[in-house]
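See structure below.
Numbering (the working numbering), first residue to last: 434 to 625.
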């Protein structure tokens, strides 16, 4: 007598595969927006941390040297901070496409459509005189410039929208270029 032993099929059924794919799709729909939001948040936090790092290094530099001098030639202020041992690497952020930190005469610092660092607290106080330390972030999209201004200066001293001039507080920038949507952002660090 011959027994017919059937092998149990191995693998997954179509219904099991569809169920697993549905679960994966639901998880992806929930997680992907949060991942992109976290990436965007990290860009702003990186820029603020870079500015704060330069600010702390600048205060330490001033405590040691007692004065600021205007940058000459190709030497930028962040490079002076590095050579002095106050800063680990040159100023750079994950926002924009060009970065520099300079020590300039107040008359030339933070020039945006004729505006300078003269409204640091929201009113015209012309506090920035002598030599100003500023960080410049070039090629910043208008929305990023507005968000950076809101995070550093607060909403009250930020532009009304991403296409407007912002000349209040520590962050100033011109209205973004109509063709590219980019602008240069100047961040006030210190003056003496």
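Think of the CB as a built atom: it goes at the ideal place given N, C-alpha and C, for glycine as much as any other residue.
Quantities reported herein were computed from a predicted structural model and do not represent experimental measurements.
- Per DSSP, reduced to three states, the secondary structure at residue 620 is strand.
- Two segments are said to touch when three or more pairs of C-beta atoms, one from each, lie closer than 8 Å; by this definition the region 581-597 does not touch the region 488-505.
- Per the coordinates, the alpha-carbon of residue 604 lies some 57 Å from the alpha-carbon of residue 448.
- For residue 509, DSSP records no beta bridge to any residue.
- The beta carbon of residue 529 sits closer than 6 Å to the beta carbons of 570, 571, 572, 573 from its chain, once the five residues preceding and following it are set aside; these are given in chain order.
- By the beta-carbon neighbour count (other beta carbons within 10 angstroms, threshold 16), residue 580 is buried.
- Residue 539 has its alpha-carbon roughly 12 Å from the corresponding atom of residue 501.
- Of 621, 439, 444, the smallest CA-CA separation from residue 535 is found for 621.
- Residue 504 and residue 542 have their C-alpha atoms roughly 12 Å apart.
- Contact annotation: residue 519 and residue 493 have beta-carbon atoms nearer than 8 Å.
- Here residue 545 is near residue 619, since their CB atoms are less than 8 Å apart.
- Around the CB of residue 554, fewer than 16 other CB atoms lie within 10 Å, so the residue is classed as exposed.
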